[in-house]
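These notes concern the structure reproduced below.
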Amino acid sequence: MVTMIYSAPLDAKSHLPLDKATISSLDELRLPRAVYAAYLRPLRRAPQYGVPVCDLQLRSYSVRNLELFADTAMRAAYYLNLPAKGPVPLPRITERWTVPRANFIFKKSQENFERRTVRRLIQIQDGEPEVVRAWLGFLEKHQYHGVGMKANVWEWEELGCGKKMEEEAKAAAEETNGLWEGFGRRKLGPEEKVRELLNSEPFRRAMHGDAPMILPEKEGRGQEYKTPLHEVGRG
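Here it is, written out as structure tokens:
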């Protein structure tokens, strides 16, 4: 037999039990509207045109965590003036694995594992792209543990958006050209300057005399000595 013992609320200052009159007066007080709304279903905005702009899919292995975060997403959409539909239950994903129980005496016996993934779908309609991004950013920042999200976002553009995208790409390329000039391989000088550098005495001394001589090309010479640059430095 289990006996439940209830104690009266305590005063914050004196830490003594409150009298019955104070307790009854506290019970008659109405909760703030924001606090009382947490005990009710989330409010919704009515769509005007019904054009879908975002499909948010929530996945989790725990129904409790999934329902809690879906409720949070619906309330956030209401306060951002986004018409939302859902959460709509999607088909459950069931996965099973059969593995050996152990690697010694129990290796002939097998063990089965099963994982069930529950999903919910929330659709945003008639929403501005900036507001939808703010809604998704809020959910990503305050994401509940054990709940994954996948969002499909549609944005509607006016006619001639291809030319606008080309102009934006050209402007972005011009901005980055100056930043990428000093990145990567350095530009080599003309071929004669490279040969002069490779045939210089300090360079050959640094290479311990293993670098072959590269003779400059001259007009009217019977035989020309050409050595590929990638072979310079080999003994």
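Residue numbers for the sequence shown follow numbering that gives the first Met the number 0, beginning at 0 and rising by one.
Every residue, glycine too, gets a C-beta built ideally from N, C-alpha and C.
Exposed unless 16 or more other CB atoms sit within 10 angstroms - verdict on residue i
{"i": "Q122", "result": "buried"}
{"i": "L55", "result": "buried"}
{"i": "W153", "result": "exposed"}
{"i": "P86", "result": "buried"}
{"i": "R119", "result": "buried"}
{"i": "M164", "result": "exposed"}
{"i": "A37", "result": "exposed"}
{"i": "A172", "result": "exposed"}
{"i": "Y96", "result": "Contrary to the premise, residue 96 reads as Trp rather than Tyr in this sequence. Exposed, since its Cβ has fewer than 16 Cβ neighbours within 10 Å."}
{"i": "W134", "result": "buried"}
{"i": "V131", "result": "buried"}
{"i": "A72", "result": "buried"}
{"i": "L81", "result": "buried"}
{"i": "Y224", "result": "Note that Y224 scores 46 on pLDDT, short of 50, meaning its location in the model is unreliable and no value can be drawn from it."}
{"i": "L57", "result": "buried"}
{"i": "V146", "result": "buried"}
{"i": "A168", "result": "exposed"}
{"i": "A20", "result": "exposed"}
{"i": "A76", "result": "buried"}
{"i": "S199", "result": "exposed"}
{"i": "L228", "result": "Confidence at L228 is low in this model, with a pLDDT of 47, below 50, so the placement of that residue is unreliable and no value is reported for it."}
Under the three-state DSSP convention, the category residue i falls into
{"i": "M206", "result": "coil"}
{"i": "D18", "result": "coil"}
{"i": "L42", "result": "coil"}
{"i": "V52", "result": "strand"}
{"i": "L57", "result": "strand"}
{"i": "R63", "result": "helix"}
{"i": "L28", "result": "coil"}
{"i": "W199", "result": "Just to set this straight, residue 199 is Ser in the shown sequence, not Trp. Three-state DSSP puts S199 in coil, outside helix and strand."}
For residue j and residue i, the rounded distance between their alpha carbons
{"i": "S321", "j": "T93", "result": "Absent from the model: residue 321. The displayed extent of the chain is 0 to 234, so no value can be given."}
{"i": "E174", "j": "P88", "result": "47 Å"}
{"i": "S24", "j": "L42", "result": "30 Å"}
{"i": "R32", "j": "L39", "result": "11 Å"}
{"i": "N102", "j": "T116", "result": "29 Å"}
{"i": "P189", "j": "W179", "result": "22 Å"}
{"i": "E110", "j": "R100", "result": "5 Å"}
{"i": "L30", "j": "A83", "result": "27 Å"}
{"i": "K162", "j": "M148", "result": "34 Å"}
{"i": "V62", "j": "P90", "result": "13 Å"}
{"i": "L196", "j": "F202", "result": "7 Å"}
{"i": "K192", "j": "E166", "result": "41 Å"}
{"i": "Y60", "j": "V34", "result": "29 Å"}
{"i": "P46", "j": "L158", "result": "25 Å"}
{"i": "D18", "j": "E27", "result": "15 Å"}
{"i": "E113", "j": "A150", "result": "27 Å"}
{"i": "R204", "j": "G177", "result": "38 Å"}
{"i": "I22", "j": "Y78", "result": "34 Å"}
Cutoff 7 Å: residue i Cβ touching any chain C Cβ
{"i": "V52", "result": "Judged by its chain identifiers, the structure shown contains no chain C, having just a single protein chain."}
- Message: Does the contact criterion of 3 or more C-beta pairs under 8 Å hold for the stretch 64-81 versus the stretch 139-156?
- Response: yes
- Message: Between the stretch 124-139 and the stretch 48-57, can you find at least three pairs of beta-carbon atoms closer than 8 Å?
- Response: yes
- Unbroken stretches of the alpha helix (DSSP H), 4 residues or longer, contained in the stretch 80-159: 128-140
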